[in-house]
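Please read the structure below before turning to the comments.
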Amino acid sequence: MKLLSHTNLKIASLFAAVVFGSAITAMAQDTRVQTSQLDYLTAKASSTVDVNIDERLIQLTAKFLSTKNPDEASVKEVVNGLKGIYVRSFEFEKENEYSLADLESIRSQLRGPGWSRIVNVSSRKEGNVEVYLMINGSQIGGLAVLASEPKELTVVNVIGPVDLEKLTKLEGQFGIPELEIESSKTKRKN
Amino acid sequence: MKNSIFATLICGALVCTALAGTASARTDAFDAVVKVIEQHYHVKHKGLPFLARAGMKTAKAAARLAGGQKRRLAEAGSVKVAYFEDQDFVSIAGASDFRKNLKSALLPEWLPFVQVLAPNDEQQTYVFLREAGPKFNLLVVNIDKHEGSVVQVDVSPETLALLLQNPNDIGKAITDDATTTDY
Chain D
1 MKLLSHTNLK IASLFAAVVF GSAITAMAQD TRVQTSQLDY LTAKASSTVD VNIDERLIQL
61 TAKFLSTKNP DEASVKEVVN GLKGIYVRSF EFEKENEYSL ADLESIRSQL RGPGWSRIVN
121 VSSRKEGNVE VYLMINGSQI GGLAVLASEP KELTVVNVIG PVDLEKLTKL EGQFGIPELE
181 IESSKTKRKN
Chain Y
191 MKNSIFATLI CGALVCTALA GTASARTDAF DAVVKVIEQH YHVKHKGLPF LARAGMKTAK
251 AAARLAGGQK RRLAEAGSVK VAYFEDQDFV SIAGASDFRK NLKSALLPEW LPFVQVLAPN
311 DEQQTYVFLR EAGPKFNLLV VNIDKHEGSV VQVDVSPETL ALLLQNPNDI GKAITDDATT
371 TDY
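Chains D and Y, in that order, give the protein sequences. Position 186 (the first sequence) corresponds to 186 in the numbering used here; numbering is contiguous. In the numbering used here, each residue's number is its place in the second sequence (first place is 1) plus 190.
What follows is the structure, given as C-alpha cells:
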C-alpha cells in the first residue's frame, strides 16, 4: 500500500511537471508573434529583412560583451534574460502593397491573453507605431512592435523581460531597426 | 515471379537513393547548398584556389564589425568558398521555390538566422548557423543578378557575439572576409 502511494506520488509529480512544462512552453509560444502569413509580401517588396535570434545566441552575445566598455555593458544589461529577438521588415517601392488584413493578422494575435497595447507611444518616424507588452503576472514576458508606414512594414518581437526603455537601447542592434520610439507616459490599454 | 523481382529491385533502388540523399545532406551542407543553386538556376560554380589563403590568421581584412574592428572573422583553415561569376540567376520556379529547396537541403540543426532579400534587384542573402563543438559554423549564400557565392566558415563564440550585434551585415562581412585578401 505504502509502495503504491509512493508510486502514485511519483506519477502525480511527473504529471505536474509535464503540465507545468507544457504551460511554460505554451506561454513562450504565445509570446512569439507569427509572421509567416506575411511571406507573400516578399515577392512584392523591394527589400525584406528577416532576423531570428534565439535565447542561446542572445546569451552567447551577453557572455562576450565587455562590462568595461560602457556601450557594450549597457547592451549586456539589456539582453540579459531575453529569450528571443525576431524581426521581420518589408520595404516597398509603391504605397498600399500590404493590406489592412495583413496588419490585422498581427494585431489579432496581440489581442490575445496577456498582451496589452501601450498607448501614448509615438515615433519620430513617419507612419504608425504600435507597441504591445505581454504581462505574465507581475512580470513582462515580451514585447511586440508593429510599425507601418505607407511603404514599410516592420514587426519586432522580443521575448523575455523587456520594457520600452530597454527596447530603445536595442534599436539599431540585433536587427532591430531604428524605430525612434518616444514615450510621454506609460499607460496600458487592453 | 518476374513482377515481384522487378518490384523488389525498384524498391531497393528507391531506398538506396533516399539513403544516399540523406547521407549526402548529413555529410556536407556546403556541397548540398552549392548543388541546390546549380540545379535551381542552371549555373556552374568555380573553385578559386587563391581563396584558400582567406583563412590565414596573418592576413587582414576590412571586416565591418560593430566597433570597426579589423581582423579575420573566420577561424584559420575553415573557409570554404564557391563562386558563381558572369552567370544568369534567373529561374522560372522563382525565389520562393529556391528558399524552400535551400532549407530542405540543410538539416534542422542549421538555424535560418538572417535573410535579406531585394527581389527587384534580384539580390538574396541567407545566413545559416549551427553549433560545431566550441565553435559555430556560418553558411552564407549570396545571389545577385549575375554573381553568386556560397561561403562556409567556422567562427569563434567571441566573433559570433560581435557579429550578432549587427545581423543584417553578417552576410557581407563574412563574404568579404572570405574573399578579400589585402597583403
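Glycine included, every Cβ here is placed at the ideal spot set by N, Cα and C.
Taking a cut-off of 8 Å on C-beta distances, the segment 268-284 of chain Y touches the segment 325-343 of chain Y, as three or more cross pairs fall below it. The bridge partners DSSP lists for Y/PHE318 are Y/PRO302, Y/LEU329. In the same chain as D/THR31, and ignoring 5 residues on each side of it, the C-beta atoms closer than 7 Å to its own belong to MET134, GLY141, GLY142, ILE159, in chain order.
Going by DSSP, D/GLU77 is part of the alpha helix (DSSP H) stretching over 70-79.
Annotation for D/ASN157: the continuous beta strand (DSSP E) segment containing it runs 152-159.
Within its own chain, the residues whose Cβ lies closer than 6 Å to the Cβ of D/GLU149, once the five positions on either side in sequence are excluded, are GLU126, GLY127, listed in chain order. Distance from the Cα of Y/PRO347 is smallest, within the candidate group Y/VAL304, Y/ILE333, Y/ALA368, Y/GLY323, for Y/GLY323. Under the DSSP definition of a beta bridge, Y/GLN313 partners with Y/ALA308. Here Y/ILE282 is not near Y/VAL330, since their CB atoms are 8 Å or more apart. Contact with chain Y is found for D/SER46, since one of that chain's Cβ atoms lies less than 8 Å from the residue's Cβ.
The beta carbon of Y/ASN358 sits closer than 8 Å to those of VAL304, VAL306, all from its chain and outside the five residues before and after it, given in chain order. Note that the C-beta distance between D/LEU146 and D/ILE106 is below 8 Å.
Nearest neighbour of D/GLU77 by Cα position, chosen from D/GLU178, D/LEU38, D/LYS169, turns out to be D/LYS169.
Nearest neighbour of D/TYR98 by Cα position, chosen from D/ARG88, D/ILE181, D/LYS44, turns out to be D/LYS44. Using a Cβ-Cβ cut-off of 8 Å, Y/PRO357 counts as an interface residue toward chain D, since at least one Cβ of chain D sits closer than that to its own.
Listed along chain D are ASN52, each with a C-beta nearer than 7 Å to that of Y/PHE303. For Y/ASP276, no alpha helix (DSSP H) segment is defined, and its DSSP state is neither H nor E. Under the Cβ distance rule, Y/VAL223 does not count among the residues neighbouring chain D, no pair being separated by less than 8 Å. For D/ARG88, the number of other beta carbons within 10 angstroms of its own is at least 16, and it is reported as buried. At a beta-carbon threshold of 8 Å, none of the residues of chain D lie near Y/ASN327; the nearest stands roughly 14 Å away. The three-state reading of DSSP puts Y/ASN291 in helix, counting H, G and I together. Residue range 219-231 is occupied by the alpha helix (DSSP H) that includes Y/VAL226. When CB distances to chain Y are screened at a threshold of 8 Å, the residues of the segment 83-96 of chain D falling below it are GLU93, in chain order. Taking 4 residues as the shortest admissible run, the segment 38-110 of chain D contains the following complete alpha helix (DSSP H) segments, listed from N- to C-terminal end: 55-64, 70-79, 100-107.
Bridge pairing for Y/VAL341: Y/VAL271, Y/VAL330 [DSSP]. Only exposed fits D/GLY137, as fewer than 16 other CB atoms lie within 10 angstroms of its CB. Residues of chain D whose Cβ lies closer than 9 Å to the Cβ of Y/ASN310 are, in chain order, ALA45, SER46, SER47, GLU93. Leaving aside the five residues that flank Y/HIS235 on each side, the residues in its chain whose CB is nearer than 6 Å to its CB run, in chain order, VAL224, ALA272, PHE274. DSSP, read as helix, strand or coil, puts D/GLU130 in strand.
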